[in-house]
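Following: one structure in structure tokens, then a few remarks.
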Ligand code: PLP
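Residue numbers (the numbering used here): 63 to 456.
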């Protein structure tokens with residue numbers, strides 16, 4: 063067997079371990095014995111349009127089409143609908159023949175890394191970051207190079223990124239809105255990062271690509287907008303997913319979008335198709351592909367996440383905890399009142415609370431509290447957070 067694969071399969075992620083722990087405690091002591099804020103599984107239902115469109119598709123589409131293979135890169139009409147939506151909504155460059163449909167953002171990221179990276183290449187990512195990036199980048203032969211974001215705002219540290227870019231750098235990977243911090247990269251910071259990529263591509267004589275991971279694009283609060291990457295930098299690949307916006311995480315649908323004016327766009331797109339082929343992604347789930355044109359621009363009810371965010375952020379801040387105010391996604395990044403976030407987690411467990419230490423996101427000293435739960439769970443959990451704060455004399 064392959065030792066690396068055995069290792070990846072045998073070692074459970076901390077999130078999975080905590081999830082199992084919560085299940086055991088609940089089975090032994092009852093549902094309210096532990097409030098689990100570990101997993102990023104959307105709790106808000108998919109919009110009605112999803113069920114309506116699926117019913118319509120099942121009733122009207124011949125099964126050989128609805129359930130059959132599409133072309134490897136995805137159904138052309140579906141890709142055209144997505145490209146047209148992006149052009150109209152973000153006034154951004156997008157073409158159907160530069161889109162590749164995937165089983166979610168995870169597949170989109172794996173395809174992008176395999177398409178671009180050669181052994182020894184580096185991917186710079188601001189920390190905190192989604193832990194699977196390391197697995198995906200290493201599987202493609204690259205090395206992940208996390209650069210801590212600025213304390214407080216959790217915005218990318220542009221000077222530190224500038225200092226880190228070297229001749230091995232091939233990709234800058236940005237996730238905005240961010241899991242786990244909820245931070246959004248504004249247009250000004252994005253423009254500065256893109257100018258840096260232009261400059262460093264010139265210095266090192268090769269293209270440094272911008273890869274955006276955007277499953278939380280629509281989950282934003284207080285009227286914040288997320289700048290569209292292809293408006294800023296031509297050597298861009300966007301990895302998108304409907305997992306969170308439509309609450310369809312288990313259905314596995316998303317796409318890779320390559321900037322139409324990317325240098326050597328034909329070759330880069332061929333590499334994307336080649337990576338999809340090499341990874342065995344025959345085509346993205348076809349019924350879910352056909353659903354997408356009916357649901358572009360729709361989301362689950364974001365106001366529920368906004369309510370949860372308010373409850374949690376206001377509540378925890380009033381108890382004396384230091385929190386990063388989330389601008390998007392459905393996670394709150396909380397500063398551990400002691401340097402060791404695992405020790406903080408142990409104290410929280412004693413109060414029947416569970417969340418994930420920031421160490422697993424490359425940012426020790428913090429924890430991630432996922433608020434994609436029922437609002438009632440947060441209301442019931444707040445007195446426990448208050449008691450936890452008192453343990454630390456906050
Ligand atoms: N990227 C980030 C930042 C995520 O949080 C997740 C899932 O939680 C993914 C990618 C994977 O998403 P998908 O379900 O679309 O594969």
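Don't be surprised by glycine CBs; every beta carbon is placed ideally from N, CA and C.
These figures come from a predicted structure and were not determined experimentally.
- For residue 123, three-class secondary structure by DSSP: coil
- If you drop the 5 nearest sequence neighbours on each side, which residues of the same chain put their C-beta closer than 7 Å to that of residue 311? Within the same chain, residue 311 has close Cβ partners 103, 104, 305.
- Message: At a threshold of 7 Å, does residue 102 count as lining the ligand PLP (C-beta to nearest heavy atom)?
- Response: yes
- Can you have a look at residue 365 and say buried or exposed, based on whether 16 or more other CB atoms are within 10 angstroms of its CB? So residue 365 ends up on the exposed side.
- Using a threshold of 8 Å, state whether the C-beta atoms of residue 297 and residue 268 are closer than that. no
- With distances taken from CA atoms, which of 253, 147, 271 is nearest residue 360? From the listed residues 253, 147, 271, the smallest Cα separation to residue 360 is found for 147.
- Can residue 67 and residue 351 be called in contact, C-beta distance under 8 Å? For the pair residue 67 and residue 351, the CB atoms are not nearer than the 8 Å cut-off.
- Task: Given a cut-off of 8 Å, decide if residue 210 and residue 187 are closer than it, judged by their beta-carbon atoms.
- Result: no
- Thinking just about the alpha-carbon of each residue, which of 444, 432, 454 is nearest to the one in residue 242? 432
- Can we count residue 277 as close to the ligand PLP, meaning its CB is less than 7 Å from some heavy atom? Within the cutoff, so yes.
- Assigned exposure category for residue 137 - 16 Cβ within 10 Å defines buried: buried
- Message: Can you tell me whether residue 122 is buried or exposed? The criterion is at least 16 other CB atoms within 10 Å of its CB, across all chains shown.
- Response: exposed
- Query: What span of residues does the alpha helix (DSSP H) with residue 439 cover, start to end?
  - Reply: 437-453
- Message: If the criterion is Cβ atoms closer than 8 Å, does the pair residue 302 and residue 167 meet it?
- Response: Going by C-beta atoms, residue 302 is nearer than 8 Å to residue 167.
- Message: Only counting the same chain, and skipping five residues up and downstream in sequence, which positions put a Cβ closer than 6 Å to that of residue 354?
- Response: 140
- Message: Per the DSSP calculation, residue 298 is bridged to which residue(s)?
- Response: 272, per the DSSP bridge assignment.
- Exposure of residue 100, with buried meaning 16 or more beta-carbon neighbours within 10 Å: buried
- Beta-carbon spacing of residue 447, residue 377 below 8 Å: For residue 447 and residue 377, yes; Cβs fall inside 8 Å.
- Item | Backbone secondary structure at residue 358 - three-state DSSP | In the structure shown, residue 358 falls within a coil segment according to DSSP collapsed to helix, strand and coil.
- Task: Could you check the C-alpha separation between residue 407 and residue 258 for me, to the nearest Å?
- Result: Those two C-alpha atoms are separated by around 38 Å.
- Among 401, 324, 205, which one has its Cα closest to the Cα of residue 427? 401
- Residues near residue 348 in its chain [Cβ-Cβ closer than 6 Å; skip 5 each side]: 132
- Simplified DSSP state of residue 90, which is helix, strand or coil: helix
- Message: In whole angstroms, give me the CA-to-CA distance for residue 265 and residue 344.
- Response: 38 Å
- Query: Does the Cβ of residue 303 lie closer than 7 Å to at least one heavy atom of the ligand PLP?
  - Reply: yes
- Query: Heavy atom of the ligand PLP less than 7 Å from the Cβ of residue 166, yes or no?
  - Reply: Because some heavy atom of the ligand PLP lies under 7 Å away, the Cβ of residue 166 counts as near it: yes.
- Task: Ignore the nearest five residues each way along the sequence and tell me which others in residue 239's own chain have a CB closer than 8 Å to its CB.
- Result: 245, 246, 278, 279, 281, 282, 288, 388, 389, 390, 391
- Is the stretch 67-79 close to the stretch 323-336, with three or more CB pairs under 8 Å? These segments do not touch.
- If residue 190 sits next to residue 420, beta carbons under 8 Å apart, how far is it from one beta carbon to the other, in whole angstroms? Contact flag correct, Cβ pair sits at about 6 Å.
- Following the continuous alpha helix (DSSP H) through residue 477, name the residue where it begins and the one where it ends. Residue 477 is absent from the model: the chain starts at 63 and stops at 456.
- Task: Mind checking which residues open and close the alpha helix (DSSP H) that includes residue 151?
- Result: Counting along the chain, the alpha helix (DSSP H) containing residue 151 begins and ends at 138-152.
- Task: Check whether the stretch 212-229 touches the stretch 171-182, counting contact only when three or more Cβ pairs, one atom from each stretch, lie closer than 8 Å.
- Result: no
- Message: Once the 5 residues before and after residue 196 are set aside, which same chain residues still bring their CB inside 7 Å of it?
- Response: 206
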